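The structure appears right after this line, and notes come after that.
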Amino acid sequence: MYQRSADMGLGVPFNIASYALLTCMIAHVCDLVPGDFVHVIGDAHVYRNHVRPLQEQLQKQPKPFPVLKINPEKKNIDSFVAADFKLIGYDPHEKIEMKMAV
244 MYQRSADMGL
254 GVPFNIASYA
264 LLTCMIAHVC
274 DLVPGDFVHV
284 IGDAHVYRNH
294 VRPLQEQLQK
304 QPKPFPVLKI
314 NPEKKNIDSF
324 VAADFKLIGY
334 DPHEKIEMKM
344 AV
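244 is the number of the first residue of the sequence shown in the working numbering; add one for each residue after it.
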């Protein structure tokens, strides 16, 4: 995915999760195994009020990725609902507060 402009504090984490999920959904309905999600950013920026929270985030040790389970009965990309997805082993760090920069 090419993203022209990217807010590294709030936007990019949401974009990565959303498009990685979409990649898995498309692979699922096509009976394929998802490959890599490649994200290219043109203008990556960090807002001033996000510098300290992002420095805090960088000090945390990464945790193992959870496993995504998708309802095997769903074969139509337009038929998914939230209950069709389960994250197994999701163990997030505590929330780091960041306000939307306007």
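For every residue, glycine included, the Cβ atom is placed at its ideal position computed from N, Cα and C.
Bear in mind the structure is a predicted one, so any value in this text is a computation, not a measurement.
Taking C-beta atoms under 8 angstroms as the contact rule, residue 252 and residue 310 fail to qualify, at a distance of about 27 angstroms.
In the DSSP assignment, the residues bridged to residue 328 are 313. Of all C-beta pairs linking the segment 262 to 271 to the segment 313 to 322, three or more are shorter than 8 angstroms, placing the two stretches in contact. For the pair residue 341 and residue 296, the CB atoms are nearer than the 8 angstroms cut-off. In this structure, the straight-line span from the alpha carbon of residue 284 to that of residue 245 is close to 6 angstroms.
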